[in-house]
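Below you'll find the structure, written out as structure tokens, and then a few comments.
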Amino acid sequence: MNITIFGTGYVGLVTGTCLADAGHHVMCVDVDKAKIDRLNEGIIPIFEPGLEQMVRQNVESARLSFTTQSEEAVRFGTLQFIAVGTPPGEDGSADLQYVLQVAETIGHHMDDYKVIINKSTVPVGTAEKVQAKIAKTLQERGIELDYDVCSNPEFLKEGAAIEDFTRGARIVVGTHSEKAIKLMRECYAPYNRNREKIMVMDVRSAELTKYAANAMLATKISFMNEMANLAERLGADIEQVRQGIGSDPRIGYHFIYPGCGYGGSCFPKDVQALSRTAQQVGYRAEMLEAVEAINERQKHTLFEKLSKAFNGELKGKKIGVWGLAFKPNTDDMREAPSRVLMESLWEAGAQVYAYDPEAMTETRHIYGNRDDLKLCERMEDAVAGADALVICTEWKQFRAVNLAWIASQLKGGVVIDGRNLYSPKDAKAVNLRYISVGRM
Ligand code: UDX
43 MNITIFGTGY
53 VGLVTGTCLA
63 DAGHHVMCVD
73 VDKAKIDRLN
83 EGIIPIFEPG
93 LEQMVRQNVE
103 SARLSFTTQS
113 EEAVRFGTLQ
123 FIAVGTPPGE
133 DGSADLQYVL
143 QVAETIGHHM
153 DDYKVIINKS
163 TVPVGTAEKV
173 QAKIAKTLQE
183 RGIELDYDVC
193 SNPEFLKEGA
203 AIEDFTRGAR
213 IVVGTHSEKA
223 IKLMRECYAP
233 YNRNREKIMV
243 MDVRSAELTK
253 YAANAMLATK
263 ISFMNEMANL
273 AERLGADIEQ
283 VRQGIGSDPR
293 IGYHFIYPGC
303 GYGGSCFPKD
313 VQALSRTAQQ
323 VGYRAEMLEA
333 VEAINERQKH
343 TLFEKLSKAF
353 NGELKGKKIG
363 VWGLAFKPNT
373 DDMREAPSRV
383 LMESLWEAGA
393 QVYAYDPEAM
403 TETRHIYGNR
413 DDLKLCERME
423 DAVAGADALV
433 ICTEWKQFRA
443 VNLAWIASQL
453 KGGVVIDGRN
463 LYSPKDAKAV
473 NLRYISVGRM
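Under the working numbering, the residues of the sequence shown are numbered 43 to 482, in order.
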């Protein structure tokens, strides 16, 4: 079938590419001409394992194309996915201007039946706003056309986006229209073969499902970080506690890793937006507020631990930082704990020697050239002669290092580990002053 996708960000690009790969004809639209030109050559603007090759193959086989021409794109697809950004507004609520602009564009150019699908994470009630915008635009044109608006939230994780899209746990479709359900089934049929994954529900429930999923996952993390902070003060080991509770299937082992706080483009933004939505309907979501507050506090723990290790004297110290992206297998720096750390270090007058396997360009882009930031080409360069090493992201290559070698390289012998990668006993054996999260 013919499918149009508005927005070539993470969600739009992965959705468009995976649907083309399943045999559909997909046209992706974006206002950024330079980005579209590069995409048509098969060059993608993000780091996502496997995606570039998949884009290239599908562009070559003419199932996937990219354009800035919205009129042509609206005419093209029976399904019109909206996957543009919903950045947080000043008060933390999701800003819908781009979503509603696309709705207007669709209303402006459509000339037959369309299903308009909200793929972006949008507050409950947005489908109704999209519906109203299209109705108004059609009215201004003086024409009547049949169309349906439905919600189809995306649950993919960066770094595993293709796998998550093609083998996801569920496909949520929020609509009452039988016609739209039939077309959505056809769209997802290639990825709905082995087991029925499509869950049809009302549109508001579908919209809330997305926020509830992210809020639940963020809650698990903040809960574990709270327990880790307690464990530190009580002389317990959070890693043993984690295994102890994870073995209960009602709790499970997933997403209970303590650390230096969650980051990324989804959890921080979505927890905040859901809090604001609650406020707007006169309800104070105290749990969500706590999840957010704990996470903010957790992002400062690495600096606090480091500062304590040096009795508050960090001026002029050389601090190695391993891992800058908010998690492994991405170059995404949005809301990354490393940023809170580096900014605090600079404020304290320290020199940062940073290394990340993918996020160096992004870091340079955010912070520019500054005297107190050195971007190291190799992970070894961030450690040599440093007073301390801080680990912010658990990239695989940091796991298997020789601790004796780290000890021999560091001047100050201090390792602050925000991801609990090493055994405290092994670190102690090589005389490192090893400080992790929730362990003695
Ligand atoms: C998340 C959701 O997982 C995904 O379903 C949704 O569609 C978008 O948001 P993503 O932001 O890509 O995906 O990353 P994810 O792998 O979920 O990690 C989020 C953050 O939580 C990272 O900073 C990670 O380090 C942190 N985290 C995760 C923990 O601190 N502990 C854990 O146990 C798990």
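Note that beta-carbon positions come from the ideal geometry of N, C-alpha and C, so glycine has one too.
- Just so you know, the alpha carbons of Val215 and Asn267 end up roughly 34 Å apart.
- The C-alpha of Leu417 is placed about 12 Å away from the C-alpha of His407.
- In the three-state reduction of the DSSP assignment, Tyr233 falls in the helix class, which pools H, G and I.
- Just so you know, the alpha carbons of Ile263 and Gly305 end up roughly 11 Å apart.
- By the C-beta density criterion, Pro129 is exposed, having fewer than 16 other C-beta atoms within 10 angstroms.
- The set of residues with a C-beta under 5 Å from any non-hydrogen atom of ligand 1 comprises Phe197, Lys199, Glu200, Ile263, Phe297, Tyr299, Gly301, Tyr304, Gly305, Gly306, Cys308, Phe368 and Lys369, given in chain order.
- Assigned with DSSP and collapsed to three states, Ile287 falls in helix.
- Uninterrupted alpha helix (DSSP H) stretches at least 4 residues long and entirely within the stretch 360–404 occur at 379–389, given in chain order.
- The criterion of a C-beta distance shorter than 9 Å is satisfied by Val313 and Val333.
- In the DSSP assignment, Met241 falls outside any alpha helix (DSSP H) and within the unbroken beta strand (DSSP E) covering Ile240 to Met243.
- Distances from the CA of Glu385 to each of Glu186, Glu102, Glu346 and Ile78 were compared; the closest alpha carbon is that of Glu346.
- Val97 carries a helical assignment under DSSP once its states are collapsed to helix, strand and coil.
- Contact between Phe309 and Leu344 does not hold, since the beta-carbon distance rounds to 18 Å and is not under 8 Å.
- Sequence-distant Cβ neighbours of His342 in its own chain, meaning closer than 8 Å and more than five residues away, are Val382 and Ser386.
- For Tyr140, the secondary structure class from DSSP, reduced to helix, strand or coil, is helix.
- In the three-state DSSP reduction, Cys302 falls in the coil class, being neither helix nor strand.
- Excluding its 5 nearest sequence neighbours in each direction, Asp133 has C-beta neighbours in its own chain below 8 Å: Arg318, listed in chain order.
- In this structure, Ala378 lies near Cys434, with their beta-carbon atoms less than 9 Å apart.
- According to the DSSP assignment, Tyr52 belongs to the alpha helix (DSSP H) that extends over Tyr52 to Asp63.
- Short of 6 Å from the beta carbon of Val456, and not among the five residues preceding or following it, lie these beta carbons of its own chain, in chain order: Ala351, Ala430 and Arg475.
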